[in-house]
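K.L.:
Going by our numbering, the sequence shown opens with residue 79, and the numbers climb by one from there.
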Amino acid sequence: MQEPLNLKLSEALTEANDTKSLSIGHGAISELPRILRRYFRGQRAVIVADENTWRAAGDRVHKILLDVGLSAHHDDHDRLILDSEDLHAEMRHVEAVQSYLESLTNHVAIAVGGGTINDLVKLAVSQLGRSYVCVATAASVDGFGAYSASIEVDGHKQTIYCPAPLAVVADLDVICRAPKALNAAGYGDLLAKYVSGIDWIFADAAGVEAIDEHVWGLTRDEIDLWTGKPKGVNAGDSEPIRNLFNGLIMQGIAMDVYQDTRPCSGAEHQFSHNLDMIGHRYHGEIPYHGMKVGIGSIAMTKLQEKMLAFDPSELDIDKRLADWMDKETATQRGQDLFEQPKLKEVVGKEYPKKHMNAAEARVMIDKLITHWPETVLRAKPWHLGSAEYQARLKAAGCPIHPEEIGVSLDFVKSLYFKAYHTRARFTALDVAVLLGKLHDWVDEIFNEPW
């Protein structure tokens, strides 16, 4: 059934470019006929799911729509059930979904699933010039309402901008019963907004990317409420799960409003994307996105602790810039961190976008140092501290040690440097490099207990 939306979420929905309908509540799937009749008049529904999400909600969605004459007429054209074995957000799966939907006219796709199914359908329908409906089966990612899909292309995880779903349905009867690890992953993705927020604050201070105060408010005004009951998330309790989903969908709306992922993604996501790009698996499975982001967030929280405690009077700028590398040398140094040619290509594409010559670096360092006290003062309220951060993740059921997702501490150490080179986005990693402290701070982190 339709339940009243949180006031802030309801107001934010009016600003979304693509998403016009949001139903969150127990029994919310029953709202689908109303949604289809209002926004997709005359069209019939075709469900895209995998075997697991079909069992979780797809079969019920199908029966509801069939009963009211809104499902496609024939069994072989009313659903596309993808093999859940080794199903990931890869371009080959996007192409399969697109090919299936392209063969159907006057049909609307209903994506029933989590982040993977949603991203596959989102990009597929975008390339067909259509809209779609998302039925979330877990509170697992912040991308349900986002203006982008995270898709692996030629072994490289890419953010591809494409319209968000026209309608999102989140049935709490389904989501509260979802596997605990899925909702825990969503919690890890949402808690990361504390970390990425500090990255944005320093990007603003450096003059690289100003904070949009309105979008900042969308993503963070209620973050304490959204993330305040991690044990309840782990238990599948209704109120904490509802708050978690509210927070996740708000991130997607904010990205839609801002038309970029910056409000919700910092260096912690670069750690996760680097694991994606090497096809990292643990016990044969790819760890959930939010689990990888959680480990990346712990790593960046530890670095941000060092950064926020830094005394800028210690910095000798002339000495720091004495060995500043030119663009070609610095790019090559970054490429040398990787063995895979495709990852070397990523560095060659991304790193030069943000490289500065020594004179430009001096200007940015001066700007950071001049505004250091007020920047730190602005950032500190968003810094939970690594101990508190790990405690919250653990309470929600997230891994807190890299080895829990099959990653060694040595590899995590290398990711600080790899993540810096594989994304042009300005983060705390860039601050540490500008100050000449990245190696020192990383060494200190790994001389302490994780």
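Glycine included, each C-beta is placed from N, C-alpha and C at the ideal position. Fair warning: this is a prediction, and the values are worked out from it, not measured in the lab.
1. Can you look up Asp-389 in the DSSP assignment and give me helix, strand or coil?
2. Smallest Cα separation from Lys-432: which of Asp-404, Glu-417, Trp-294?
3. Excluding the 5 residues flanking Arg-440 on each side, which residues of the same chain have their C-beta closer than 7 Å to its C-beta?
4. Between the beta-carbon of Ala-510 and the beta-carbon of Glu-428, is there less than 8 Å?
5. What residue range does the alpha helix (DSSP H) around Thr-194 cover?
6. For Val-146, count neighbouring C-beta atoms within 10 Å of its own C-beta (all shown protein chains included) and say buried if the count is 16 or more, exposed if not.
7. If Ala-187 sits next to Val-246, beta carbons under 8 Å apart, how far is it from one beta carbon to the other, in whole angstroms?
8. Could you tell me which residues DSSP pairs with Ala-187 in its beta bridges?
9. In its own chain, which residues sit with a C-beta less than 7 Å from the C-beta of Val-172, not counting the 5 before and 5 after it?
10. To the nearest angstrom, how far is the alpha carbon of Leu-244 from that of Ser-209?
11. Using the DSSP secondary-structure output, state which residues sit across from Ala-360 in a beta bridge.
12. For a quick check, are the C-beta atoms of Gly-266 and Val-371 less than 8 Å apart?
13. Starting from the C-beta of Gln-348, find all residues in its chain whose C-beta is less than 6 Å away, skip the five residues before and the five after it, and write them out in chain order.
14. Got a sec? Which residues, its chain only, sit under 7 Å from Gln-176 by beta carbon, not counting five neighbours each side?
15. Between Ser-162 and Asp-128, which are expected to be in contact by the criterion C-beta below 8 Å, what is the C-beta distance as a whole number of angstroms?
16. Would you say the beta carbon of Ala-332 is closer than 7 Å to some non-hydrogen atom of the ligand SAH?
17. Note down the Cα distance separating Gln-329 from Gly-193, rounded to an integer number of angstroms.
18. Per the contact definition of three or more C-beta pairs closer than 8 Å, is the region 367–382 in contact with the region 450–468?
19. What would DSSP say about Val-246, mapped onto helix, strand or coil?
P.N.:
By the coordinates alone:
1. coil
2. Asp-404
3. Ile-395, Leu-399
4. no
5. 193–205
6. exposed
7. Not a contact, Cβ separation roughly 13 Å.
8. Val-124, Tyr-210
9. Leu-198, Leu-201, Ala-202, Ile-229
10. 6 Å
11. With the sequence shown as reference, residue 360 is identified as Tyr, and Ala is not the correct amino acid for it. Answer is Glu-363.
12. yes
13. Ala-497, Arg-501
14. Ala-202, Gln-205, Leu-206
15. 4 Å
16. In the structure on display, the ligand SAH does not appear, and there are no ligands present to speak of.
17. 14 Å
18. yes
19. strand
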